[in-house]
Amino acid sequence: MATQDDAIDRLAEEIGRYLSEHPSAADSAEGIRRWWLLRQRFEEASEQVQQALDLMEAAGQVRKEVLRDGTVIYRAVEPTPSTRQ
Numbered sequence: 003m004a005t006q007d008d009a010i011d012r013l014a015e016e017i018g019r020y021l022s023e024h025p026s027a028a029d030s031a032e033g034i035r036r037w038w039l040l041r042q043r044f045e046e047a048s049e050q051v052q053q054a055l056d057l058m059e060a061a062g063q064v065r066k067e068v069l070r071d072g073t074v075i076y077r078a079v080e081p082t083p084s085t086r087q
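Just so we're aligned: the sequence shown equals residues 3 to 87 in my numbering.
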């Protein structure tokens, strides 16, 4: 179970990562909570979602399709007749 000190350490790391990526950033505590942390978590989650999709594609669980406009979508791989039960 994480302690309060662990949670504060993780927040400090997130703020530090944001500042290293945006060295001229400055905001109030409320602005940091509202914008910096939200953006940092969104960017990290975006990377993790892509990694998960890449893993699932490699495992044959999803199929990647590129639409005409370049948008990449993912869909479930339909089971082959031999794998259906």
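Yeah, the Cβ is synthetic: ideal placement off N, Cα and C, and Gly gets one too.
Fair warning: this is a prediction, and the values are worked out from it, not measured in the lab.
Rounded to the nearest whole angstrom, the CA to CA distance from Pro81 to Leu69 is 23 Å.
In the structure shown, the three-state DSSP call for Ala28 is coil. Three or more beta-carbon pairs separated by less than 8 Å are not found between the region 48–67 and the region 23–40, which leaves the two stretches without contact.
Fully contained in the region 41–79 are the following beta strand (DSSP E) runs of length 3 or more, in chain order: 64–68 and 74–78.
Distances from the CA of Ile17 to each of Gln6, Leu40 and Thr5 were compared; the closest alpha carbon is that of Leu40.
In terms of Cα proximity to Ile10, the closest of Ser22, Arg35 and Val51 is Arg35. Under the DSSP assignment, Ile10 falls in the alpha helix (DSSP H) whose first and last residues are Gln6 to Glu23. Here Ala14 has no same chain residue with a Cβ atom under 7 Å from its own Cβ, once five neighbours each way along the sequence are excluded.
The Cβ-Cβ distance between Val64 and Arg43 does not fall below 8 Å.
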